[in-house]
Amino acid sequence: GGLVLVVADGDSIPAHAFTSEDPAASAKKKLVVLGTGWGGMSFLKELDSRLYDVKIVSPRNYFVFTPLLPSVTNGTVEARSIAEPVRRMISSKGKHIEFYESECIDIDPVNKRLLCRDASHIRTKDHEEFTVDYDYLVVAVGAMANTFGTEGVQEYCHFLKELEDAERIRENVVDCFETACLPHLSDAERKRMLSFVIVGGGPTGVEFAAELYDLVSEDLVKLYPTLRELVTVTVIQSGDHILNSFDQRISAFAEEKFRRDGVSVKTNCRVLKVNQKDVEVKEKTTGKLDNVPFGLAVWSTGIGTRPVLRKFMEKVGQTDRRVLATDEWLRVKGCKDVWAIGDCATTEQRKLLDDIAYLFEKADVDHSGTLNVEEFQTVMEEARGRYPQIDLYLQRQHLQHVADLAKISMYDEKKKEKQLSIEEFKKALSEVDKQMKLYPATAQVAAQQGAYLAKCFNGLLDVDHKPEGPVRIRKEGRHRFQPFRYRHMGQFAPLGTEQCGAELPGDWVSVGRSTQWLWYSVYASKQVSWRTRALVLFDWTKRLFFGRDSSR
Ligand code: FAD
Ligand code: MG
Ligand code: MG
Ligand code: MG
Ligand code: MG
Numbered sequence: 043g044g045l046v047l048v049v050a051d052g053d054s055i056p057a058h059a060f061t062s063e064d065p066a067a068s069a070k071k072k073l074v075v076l077g078t079g080w081g082g083m084s085f086l087k088e089l090d091s092r093l094y095d096v097k098i099v100s101p102r103n104y105f106v107f108t109p110l111l112p113s114v115t116n117g118t119v120e121a122r123s124i125a126e127p128v129r130r131m132i133s134s135k136g137k138h139i140e141f142y143e144s145e146c147i148d149i150d151p152v153n154k155r156l157l158c159r160d161a162s163h164i165r166t167k168d169h170e171e172f173t174v175d176y177d178y179l180v181v182a183v184g185a186m187a188n189t190f191g192t193e194g195v196q197e198y199c200h201f202l203k204e205l206e207d208a209e210r211i212r213e214n215v216v217d218c219f220e221t222a223c224l225p226h227l228s229d230a231e232r233k234r235m236l237s238f239v240i241v242g243g244g245p246t247g248v249e250f251a252a253e254l255y256d257l258v259s260e261d262l263v264k265l266y267p268t269l270r271e272l273v274t275v276t277v278i279q280s281g282d283h284i285l286n287s288f289d290q291r292i293s294a295f296a297e298e299k300f301r302r303d304g305v306s307v308k309t310n311c312r313v314l315k316v317n318q319k320d321v322e323v324k325e326k327t328t329g330k331l332d333n334v335p336f337g338l339a340v341w342s343t344g345i346g347t348r349p350v351l352r353k354f355m356e357k358v359g360q361t362d363r364r365v366l367a368t369d370e371w372l373r374v375k376g377c378k379d380v381w382a383i384g385d386c387a388t389t390e391q392r393k394l395l396d397d398i399a400y401l402f403e404k405a406d407v408d409h410s411g412t413l414n415v416e417e418f419q420t421v422m423e424e425a426r427g428r429y430p431q432i433d434l435y436l437q438r439q440h441l442q443h444v445a446d447l448a449k450i451s452m453y454d455e456k457k458k459e460k461q462l463s464i465e466e467f468k469k470a471l472s473e474v475d476k477q478m479k480l481y482p483a484t485a486q487v488a489a490q491q492g493a494y495l496a497k498c499f500n501g502l503l504d505v506d507h508k509p510e511g512p513v514r515i516r517k518e519g520r521h522r523f524q525p526f527r528y529r530h531m532g533q534f535a536p537l538g539t540e541q542c543g544a545e546l547p548g549d550w551v552s553v554g555r556s557t558q559w560l561w562y563s564v565y566a567s568k569q570v571s572w573r574t575r576a577l578v579l580f581d582w583t584k585r586l587f588f589g590r591d592s593s594r
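If you're matching positions, the sequence shown starts at 43 in the working numbering and goes up one per residue.
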């Protein structure tokens, strides 16, 4: 007896025929997405949400543009400028998507059920946990800071992962300066207060150090002129160089710049323990022990797996792994209907060598037990779509090179007679397999994976698991979708004082001031909405004219 719509010719149609209560709609598969970071939001952005009954579970009702997080620590950019409300993002497309601000605390892959907990600060004890059923699950919960079990890190260091972390760091930096002004401090105490220690010389640690140096040298020195000489910034890095995932020219440029600025870089140094007022370090080469006092320490040495995924990994038999593993279609290994993208997962790429017997048999069309030049070329061509490492190899070397490794020449007529044994074939393929690298834990990878997966879901993904066995490279039994492939678009390393290193595809490396402007424009154009784009540009402009805000 609900509402009745009356149409012109007098027929009456029940109103629910126009709502989501119609039978077709209720038959939609339940698709649940965990996480509203780079992976989750890029998935939702591309997904045709009419095809599924979509729910999002995440403890944060906003997306964070993480590349600008270090800029929040010194007030170059306001925290609010780099956060975009999830509800705004999902409603802007006229989508019907449910959002639950809560944390998933358990995944039950057998009954396809999630246990979630309200992420609200105002907890009502009796209602805080609830369950959500899924048909398909996309896990994009990201990673958390990794202390590697080092004592004292949780208690005394800051992390730089979340928006709150960045805001807290900013407050504490200013607090260090204010405290250092108090009259009763000894000189040593004052110096300690103004010692900033960064553990980890990766992109985040280095960028934070650079931002901090900018804040101190451009703004705070004017406000606290007497403290200038007392400020120290120290980066502690366990490897030989900082930024070692970057091109060596950028890493060298960064080290040189820090040397000039007086940011001290301790390489080959391991942190043994963090105390309330200092870190204990050990120099790897000499074995020398040292204490570095700090007023503020930031820990940024790498990422680890969230507890909810640890538990899940045990349930699906991934006990021997550090990170949740998926195949190249991003399906979690060991269970059905669960996908994982971004920092919380690793994509296991298939080696040519795993399939060597199969490839050899396919290639050897004349069943001679050896491959001739033509057979070899054909199989490599056909395998290209399935094994991205072939293309990566070819980008660097010519196919001839692969053939050379296998001692056959495609161009030398005399050698054309050469036949390739399976052993020689194996040697050539193992060279090609060396091109495979784990995908880095970056926004770029997470976003590309999210977009890829959404396209598969839009194409009404054939969700039944295909046999994992030999991979077919011809027509029969082909996957409906190509495996995921990562396209590296380059990376930036902002180094402070309007200096920046950039590494773009095609081995293009650039450092210097113009690169900083390139960085500004890339990040401004990559902002997720016009609102955040405008806010960030406004913040940058404000800083250029008025300097940074030093109020807490
Ligand atoms: P995230 O973006 O971390 O998203 C995870 C989401 O899951 C969050 O919304 C979180 O709230 C939610 N979540 C957590 N636990 C649960 C749970 N139990 N249940 C449900 N939801 C949960 N990458 C670049 O490419 N370029 C850069 O310049 C760059 N700079 C960076 C600077 C900093 C300071 C940091 C910290 C990272 C930077 N990165 C950069 C890396 C990049 O941010 C990550 O690789 C990217 O965020 C990974 O995306 P994700 O979706 O896997 O995880
Ligand atoms: Mg995510
Ligand atoms: Mg995020
Ligand atoms: Mg990953
Ligand atoms: Mg043959």
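A virtual CB, placed ideally from N, CA and C, is assigned to each residue, including glycine.
No experiment lies behind these values; they were computed from the predicted model shown.
7 Å Cβ cutoff met for residue i and residue j
i: Val313; j: Cys146; result: no
i: Val181; j: Leu76; result: yes
i: Phe141; j: Glu126; result: no
i: Trp341; j: Val195; result: yes
i: Tyr255; j: Thr389; result: no
i: Gly492; j: Phe85; result: yes
i: Thr309; j: Asp289; result: no
i: Val474; j: Gln431; result: yes
i: Ile345; j: Ala483; result: yes
i: Val334; j: Asp320; result: yes
i: Phe190; j: Tyr266; result: no
i: Asp385; j: Ala252; result: no
i: Pro151; j: Lys357; result: yes
i: Leu471; j: Leu413; result: no
i: Ile139; j: Val99; result: no
i: Leu179; j: Val380; result: yes
i: Lys233; j: Leu272; result: yes
Inter-residue spacing [alpha-carbon to alpha-carbon] between residue i and residue j
i: Ala69; j: Thr115; result: 48 Å
i: Asn188; j: Asp207; result: 15 Å
i: Asn103; j: Thr78; result: 7 Å
i: Arg210; j: Gln419; result: 58 Å
i: Ile124; j: Met83; result: 14 Å
i: Ser259; j: Phe250; result: 14 Å
i: Gly359; j: Asp433; result: 33 Å
i: Lys326; j: Lys315; result: 15 Å
i: Arg392; j: Tyr435; result: 15 Å
i: Glu297; j: Ile284; result: 7 Å
i: Gly329; j: Glu322; result: 12 Å
i: Thr192; j: Val421; result: 50 Å
i: Ile515; j: Arg122; result: Confidence is the limiting factor: at Ile515 the pLDDT is only 39, short of 50, which leaves the residue's position unreliable and the question unanswerable from this model.
i: Leu262; j: Ala339; result: 19 Å
i: Leu257; j: Glu204; result: 20 Å
i: Phe336; j: Cys377; result: 47 Å
i: Tyr113; j: Cys223; result: Residue 113 is actually Ser in this sequence, not Tyr. Looking at the two C-alpha atoms, the distance is approximately 25 Å.
i: Ile383; j: Trp371; result: 10 Å
i: Asn214; j: Ser280; result: 26 Å
i: Arg301; j: Arg348; result: 37 Å
i: Lys476; j: Thr268; result: 55 Å
i: Lys299; j: Thr368; result: 40 Å
i: Glu311; j: Lys324; result: It should be pointed out that residue 311 corresponds to Cys in this sequence rather than to Glu. Spanning the two alpha carbons is a distance of roughly 6 Å.
i: Gly244; j: Ser293; result: 10 Å
i: His144; j: Arg129; result: Note that residue 144 is Ser in the sequence shown here, rather than His. In a straight line, the C-alpha of Ser144 is about 14 Å away from that of Arg129.
i: Asn286; j: Leu110; result: 21 Å
i: Asp229; j: Asp332; result: 20 Å
i: Tyr198; j: Asn317; result: 7 Å
i: Glu417; j: Leu495; result: 34 Å
i: Lys375; j: Thr343; result: 28 Å
i: Glu120; j: Asn153; result: 43 Å
i: Arg426; j: Asp408; result: 22 Å
Assumed close pair residue i, residue j - CB separation to whole angstroms, cut-off 8 Å
i: Leu73; j: Asp177; result: 7 Å
i: Tyr528; j: Gln490; result: 6 Å
i: Thr173; j: Arg159; result: Not really, about 11 Å apart at Cβ, beyond 8 Å.
i: Trp80; j: Ala485; result: 4 Å
i: Leu395; j: Lys479; result: Rounded, the Cβ-Cβ distance is 16 Å, inconsistent with contact.
Using 8 Å as the threshold, is the segment 227-237 in touch with the segment 265-282, meaning 3 or more CB pairs across them? Taking 8 Å as the limit for Cβ pairs, the verdict is that the segment 265-282 does touch the segment 227-237.
Within the segment 307-351, ranges of the alpha helix (DSSP H) (whole runs, at least 4 residues): With a minimum length of 4 residues, no continuous alpha helix (DSSP H) run stays inside the segment 307-351.
Alpha helix (DSSP H) runs contained entirely in the segment 115-167, provided each spans 4 or more residues: Correct list: 128-133.
Using 8 Å as the cut-off, can you tell me whether the segment 403-412 makes contact with the segment 354-364, which would need three or more C-beta pairs spanning the two stretches below that distance? Touching, no, given that fewer than three Cβ pairs across the two stretches are closer than 8 Å.
Kindly provide the ranges of any alpha helix (DSSP H) runs that are 4 or more residues long and lie completely inside the segment 168-253, ordered along the chain. Whole alpha helix (DSSP H) segments, 4+ residues: 195-198, 205-222, 229-235.
Residue ranges of each beta strand (DSSP E) run of no fewer than 3 residues wholly in the segment 260-307, ordered along the chain? Listed in chain order, they are 274-278.
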